Every structure is written in C-alpha cells, then in structure tokens.
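Report on the structure given below.
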Amino acid sequence: MQEYTKAAKEFVEEHPTGVTAVLVTGVGLFALRRWMGGGVCRSKARLDGKTVLITGANTGIGKETAVDMAKRGARVILACRDMGRATKAADEIRKRSGNGNVVVKMLDLASLQSVRALAKDVEQTEERLDILINNAGIMMCPQWQTEDGFEMQFGVNHLGHFLLTNLLLDLLKKSTPSRVVNVSSLAHEKGKIYFDDINLEKDYDPYRSYRQSKLANVLFTRELAVRLKGTGVTTYSLHPGVIHTELGRYFLPTLPLWKRLLFLPFFFFVKTPWQGSQTTIYCAVDESLQKTSGLYYSDCAPKVAAPQGRDDAAARRLWDLSASMVGLA
1 MQEYTKAAKE FVEEHPTGVT AVLVTGVGLF ALRRWMGGGV CRSKARLDGK
51 TVLITGANTG IGKETAVDMA KRGARVILAC RDMGRATKAA DEIRKRSGNG
101 NVVVKMLDLA SLQSVRALAK DVEQTEERLD ILINNAGIMM CPQWQTEDGF
151 EMQFGVNHLG HFLLTNLLLD LLKKSTPSRV VNVSSLAHEK GKIYFDDINL
201 EKDYDPYRSY RQSKLANVLF TRELAVRLKG TGVTTYSLHP GVIHTELGRY
251 FLPTLPLWKR LLFLPFFFFV KTPWQGSQTT IYCAVDESLQ KTSGLYYSDC
301 APKVAAPQGR DDAAARRLWD LSASMVGLA
C-alpha cells in the first residue's frame, strides 16, 4: 500500500499541471451536472389524511413523485396500465417511504371506457381526493390510434386526462383545498392545435403530434383554472426537464446510429427521475402556490408559457372540442 501511495505522490509531483486540469475538469463537470439538475422542492408540507392519485406512477418521475407523496403521509393511488409493473412499483414505494397506504388501480388512458371505470371506482371507494397528478404520457410514437379512434399521443396525453379530471371534479371539490397538476413539456413552445385535423390524419408527424398534446396540457390547465375559480380547486402545468426515463423508448430507436452516438455525452447532463419529479412535487404541495391557479412552471418556479399556451380563445375552443370528443355534456 505504501508503494502505491509513494508512486501516486511521485506522479502528482511530476505532472502537477495535468493532475490539476483533471481535477478542475471533474469538479466543473460535477457542478454543471448539479446545475442542470434544476430546482428542488423545499416544502416540508405533510399530507397525512390526504389522498393523491398519480397516473403512470409505476416508473420514472411518476414513481419518484409517488415516493415523495407517500413519505409525506398521503394515501397514494397508482393509476397504471400495466398492473404487474404497478404492483412491483407499489411494493418498492411502500419500502422506500415507510408508508403502507399505497394502492394500485387499473387505468388505460388509451381507452375512454377504462378512464370512466377508474373514475367510478375512485368515486365509490375513496372519501376524498386532494391531489390529482396527470403524469402518464407517450412520446413520439408511430401513427397509432387509441381504442376510440383518436391519434394516440393526443388521446393519451390530453383526452384521457381531460376526461379523468372532469369525472373526478366533484370529489376534488369535496376535498378542497385540492390541486390538479398536469405534466406538460417545453415542447409546447413549438406546438400548435390543429383544430381542422386534430388527429393529424392528413399529415402525421410524431414530433408535431407530441407538441400538440403538450400544448393541449397547458391550455387545458389554463381553462380549467377559469372554470374552477372560487371552488378551492387550483391547477398547474409544468415542464419537468429533460429526463432519462422510458418516455423516449419510441424516439431514440428512430435515430440513425451516428445521432445516437452524438447523444451519449448529452445523457451525462440529463436529469434523473428524482430531479425530474421536483417541479411536479412543488406544484402539488408547496404552500406558496395555494392561491395561484392556471400557471406554468419549470425548475420549481413559475415560467411564462409560450404565446400559444396563453391563448384564452384557443383554450376555450380546445375545451369544447375535447368535451365533444370524449362525450362530456
């Protein structure tokens, strides 16, 4: 051991500039990675006696959000499509949080029948619902359709959550003050709502579809806040950051090999699921947001949404169209 120590000391003495450069680079990269991690929710709010429902909570930021909610003492409902994976996730969340009050319920956002069944189940079995976190999503998939014939990304990311939220509004109002948190994306900034071709049947593009669905999340949040004004139910949309999760499973395989190789260094700086969950948690529990509604957040702070995300006329038009599509009166 002494020989290794001596050799290391001699190496440092012989190459002081190189060693210093390596150390400075390492510290710099660590600091940059930490900065890229973004804001952290500092709220110590407890959720004892409260109920939180999170869609798509069996993986990624949804699971990390569920762990946090459970640690705060909440009853946490994982609404997921894959019951096997959801059950495994629930076991992990119980162990990590020390809270056994974590339950799993079936939800397939690509099926309006499934959405209605979950809402009915929750209304019949739950006395309250304090926080609804619409987290589940699909990104840049092929031109698929939902069970009801809607374009998949718009159907899952927006319409499914639109219907679920509306069906649970009575329970949310009964539990006030309560919150609805919609996980959107920075992608909304390049989005457009194609009212004349909402399912993109004329010219499908996975990027265009994803951006439309994320813009729909922002507009839905904005219009929902208007309609819930004075009820005690507040709404929030957010960009969680660029995160290394399963959400990109349809995106990366479409890239040529040389582009995937170029992306490799970039993955060092993307957020972890824990870091990516922080703004969702912030919107769900931070006390300072109790009297605000309908705004857009990123890195645990309010941000100005893109102009098309602040278009009240478009938000009302999207609401009416969505209600018609999912069969809401």
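Numbering (UniProt numbering), first residue to last: 1 to 329. All C-beta atoms in this analysis are idealised placements derived from N, C-alpha and C, irrespective of residue type, glycine included. Quick caveat: nothing in here was measured; it's all calculated off a predicted structure.
In the DSSP assignment, the alpha helix (DSSP H) including ALA66 goes from what residue to what residue?
60–71
With a threshold of 16 other CB atoms inside 10 Å of the CB of SER324, please say whether the residue is buried or exposed.
exposed
Excluding the five sequence neighbours on either side, which residues of its own chain have a C-beta within less than 7 angstroms of the C-beta of residue 331, listed in chain order?
With the chain covering only 1 through 329, there is no way to say anything about residue 331.
Please report the distance separating the alpha-carbon of ARG46 from that of ARG310.
32 angstroms
Measuring alpha carbon to alpha carbon, tell me which of SER43, ASP203, GLY60, GLU126 ends up nearest LYS71.
SER43
Residues near LYS88 in its chain [Cβ-Cβ closer than 8 angstroms; skip 5 each side]
ASN58
For ASP320, which three-state DSSP category applies?
helix
First through last residue of the beta strand (DSSP E) which encompasses ARG75:
75–80
Restricting to Cα atoms, I'd like to know which of ALA301, ALA306, GLU189 is closest to VAL40.
ALA301
How would you call LEU78, buried or exposed, if buried means at least 16 neighbouring beta carbons within 10 angstroms?
buried
DSSP on SER209, reduced to helix/strand/coil?
helix
Residue span of the beta strand (DSSP E) that contains PRO302, given as start and end:
301–303
In the DSSP assignment, the alpha helix (DSSP H) including ILE281 goes from what residue to what residue?
273–285
Going by CA-CA distance only, name the one from ASP286, SER277, LEU224 that's closest to ASP312.
LEU224
Which value, in whole angstroms, describes the spacing of the CA atoms of ALA284 and ALA66?
11 angstroms
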